[in-house]
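K.L.:
Handing you a structure now.
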Amino acid sequence: MRLMSWFKSLMLTIGVFAALAALSGPAMAHGTLTASMPGDKAVVAAPEKLELTFNEAVRVLRLTLVHGANHQIEFGFAPSTEATNTLSYELPMLMMGEHTVSWTVIGSDGHTVNGSFGFTVSAEGAPAHQMQHGTAPHADHHH
């Protein structure tokens, strides 16, 4: 009798932990940039598009492209009303030099995540049509 009671307690405990693990999975997920074109730290010829891929569907609240220290480049971004995991924007002709992409998204868990990456436009750069995966050099999330 005592063995059966101990076994039931063990199974109940395992069940509770399994349920908690299943429930905490989605709550722990945050929108993370998984790939971009151009990629982080890439040296490219002037790209025609900016493409971002996230690990889950996100709503993009802010997306900026800055040349050098403070020259913001307009490219038609508007905050998204629907969640998606892939974004693509046509770019104007970019000047040679360093560019920084900064973004703020809100994921399915309701948390905002900020991130940024940089690339350099150079006459000697590689074609910008290759997507770099695992691009997440700087990202912060806020609860």
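Position 113, counted from 1, in the sequence shown is what numbering that gives the first Met the number 0 calls 112; the numbers after and before it change by one each time, with no gaps.
Beta carbons: idealized from backbone N, C-alpha and C, even for Gly.
1) How should Ala-68 be labelled, buried or exposed, when 16 other C-beta atoms within 10 angstroms of its C-beta is the threshold for buried?
2) Quick one: Cα of Gly-124 to Cα of Ala-77, how far?
3) Considering Cα atoms alone, identify which of Phe-118, Ser-121 and Gly-114 is closest to Leu-62.
4) Taking DSSP as the reference, what is the three-state secondary structure of Phe-74?
5) Any idea if Gly-38 is buried or exposed, counting beta-carbon neighbours within 10 angstroms, 16 or more meaning buried?
6) What is the residue span of the beta strand (DSSP E) that Met-36 lies within?
7) Can you tell me where the beta strand (DSSP E) holding Asn-69 begins and where it ends?
P.N.:
The relevant details are as follows:
1) Using a 10 angstroms sphere on the CB of Ala-68, the tally of other CB atoms stays under 16, which defines it as exposed.
2) The alpha-carbon of Gly-124 is positioned some 29 Å away from that of Ala-77.
3) Checking every option, the nearest Cα to that of Leu-62 belongs to Gly-114.
4) Three-state DSSP puts Phe-74 in coil, outside helix and strand.
5) Counting Cβ neighbours within 10 Å, Gly-38 comes out buried, since at least 16 surround it.
6) Here the beta strand (DSSP E) through Met-36 covers 32–36.
7) Per DSSP, Asn-69 belongs to no beta strand (DSSP E) and is neither H nor E.
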